[in-house]
Structures are given as structure tokens and as C-alpha cells.
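Visitor:
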Amino acid sequence: MSGRRSVPRPWEGGLVEMQCNVAQLLKQPTGTTRTYRFDERLEPVDGLPRRAVVSVLLTRTNRGILAQGTARVEVHCQCSRCLEEFDTQLEFDFEEEYLPTRDIATGAFLPAPEDDSAFLIDENHILDFTEAVRQYTVINTPIRVLCRPDCAGLCPTCGKNLNFGGCDCPPEPADPRLAALASLLDRLSTA
43 MSGRRSVPRP WEGGLVEMQC NVAQLLKQPT GTTRTYRFDE RLEPVDGLPR RAVVSVLLTR
103 TNRGILAQGT ARVEVHCQCS RCLEEFDTQL EFDFEEEYLP TRDIATGAFL PAPEDDSAFL
163 IDENHILDFT EAVRQYTVIN TPIRVLCRPD CAGLCPTCGK NLNFGGCDCP PEPADPRLAA
223 LASLLDRLST A
């Protein structure tokens, strides 16, 4: 990809970012498009995917560049039931408009957008998808993540992971307030 900027790789100690130079696209008329694809391994940082495969369509708008893409990311999670750590994949679509900070024709800095949460194209006309992909990853990660659908969780008494077998804890005594329901259940199951 001719628009890609060279970025350090994780084994070189830097964070790989998903970036492209959009200077030429900013010079084009509204409606002009470019397509990019990224397949990056990222430094493991909380909230960031470990790997991201991103396909994005960039469209020149009257204000900047509209990015419409699909991402498949690998995230490191902790199971809500058994607390085991595992990797899982998420797939999501995203759409964001990126606004330039510098006029492409004159080189003059543009006024800051009213929306201070807007995604910006930097002064060198580099558009960076890393933060958008991170934010969409956080939004699309379920609040309650399970290592597998039938996760048995932890024993509430001794804390043993029940996915690896039962424990020797005695069963908890039944709540006496539910005795009437238990007898009804027994009658229904024998009928």
C-alpha cells in the first residue's frame, strides 16, 4: 500500500498502529474513495486487541474523510464465572468521520472542531485507525465474557474451578423457606 507509513513492529519495542497517509485523497473531489486493509499484531495492552484485521473504505467528504470498515480483533479476556484467562475474537463494523487539522492546499492549520471527541487527521495528513478500533473493541466486548458457554464456574465454598472436576465440599443445606417449593417439585417429578 503506497499510502502506508512505516511503523515499528512489536518485536522492535513499539506499538504497531493502523495508519495511512490521506494527503492525496484530501486533494480529490467529494465522493472519491480508497480501500485499505490492515492485518496487525498489536502490543498486548489492556483495552487493545492483540491482533486486528481491518478492511476500510475511505470516502472523501466535504469536511474530511469518512471511514467505513469491518474489523476482526483478538482480545484477551477473563471469564466471568471461572476467572480463567483466554483469547476470543470479536467482529464488528465501524463508521467514523475524520477531520483534517491542516488545510491540504495552503498548509494553514484549521480551527479545532466543535466536537472535541472527533477523530482527527494529523498535521502530516496521517489518518490513524488505532483509537477507533480500540474504542469499538471496548464497546463490542460483552460485559459478561465466558470462556465457553457451559462454564461451570468456581465452587462458592472452596473456590475450585469446577471445569476441571468437582470438589469435596458438602452440598449447601437447602433454605428452609423454600421447603414447600421443594416438596411440590418432588411431587411433580414423581407424577
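Under our numbering, the first residue of the sequence shown carries the number 43, and numbering increases by one thereafter. C-beta atoms are modelled at their ideal positions from N, C-alpha and C, and glycine is treated no differently.
Figure out for me which residue from Gly149, Ser159, Thr148 has the closest Cα to the Cα of Tyr140.
Guide: Reading the sequence shown from its first residue, position 98 is the one you call residue 140. Ranking the options by Cα distance to Tyr140, first place goes to Ser159.
Visitor: For Asp170, collect the residues of the same chain with a Cβ closer than 6 Å to its Cβ; drop the 5 residues on either side in sequence, then sort them by chain order.
Guide: Counted from its first residue, the sequence shown places residue 170 at position 128. Taken in chain order, the residues that qualify are Glu59, Gln61.
Visitor: Near Thr103, what residues of its chain come up, given a Cβ to Cβ distance below 7 Å and the 5 sequence neighbours on each side ignored?
Guide: Start at 1 with the first residue of the sequence shown, and residue 103 comes out as number 61. The answer, listed in chain order, is Thr72, Glu139.
Visitor: Go ahead and label Cys200 buried or exposed: buried means 16 or more other beta carbons lie within 10 angstroms of its beta carbon, across all protein chains shown.
Guide: Translated into positions along the sequence shown, residue 200 becomes position 158. Under this definition Cys200 is an exposed residue.
Visitor: Taking the runs of the alpha helix (DSSP H) that are 4 residues or longer, which of them lie wholly in the region 182 to 231?
Guide: Segments of the alpha helix (DSSP H) lying fully in the region 182 to 231: there are none.
Visitor: Out of Ile163, Gln70, Cys189, state which residue places its alpha-carbon closest to the alpha-carbon of Gln131.
Guide: In the sequence shown, residue 131 corresponds to position 89, counting from 1. Cα-wise, what sits closest to Gln131 is Cys189.
Visitor: In the DSSP assignment, what are the bridge partners of Gln131?
Guide: What you label residue 131 is simply residue 89 of the sequence shown in a count that begins at 1. Bridge partners of Gln131: Glu116.
Visitor: As a quick exercise: from Leu223, Pro218, Arg219, Ala194, pick the residue whose alpha carbon is nearest that of Cys209.
Guide: Position 167 of the sequence shown, counted from the start, is the residue given in the question as residue 209. With distances taken between Cα atoms, Cys209 lies closest to Ala194.
Visitor: Measure the beta-carbon distance from Leu196 to Ile146 and round it to whole angstroms, keeping in mind my assumption that it falls under 8 Å.
Guide: The sequence position of residue 196 within the sequence shown is 154, counting from 1. The sequence position of residue 146 within the sequence shown is 104, counting from 1. So it is not a contact: roughly 57 Å between Cβ atoms.
Visitor: Rounded to a whole number of angstroms, what is the C-alpha to C-alpha distance between Pro215 and Leu223?
Guide: Counting from one through the sequence shown, the residue named residue 215 turns up at place 173. Counting from one through the sequence shown, the residue named residue 223 turns up at place 181. Each residue's Cα considered, the two are about 15 Å apart.
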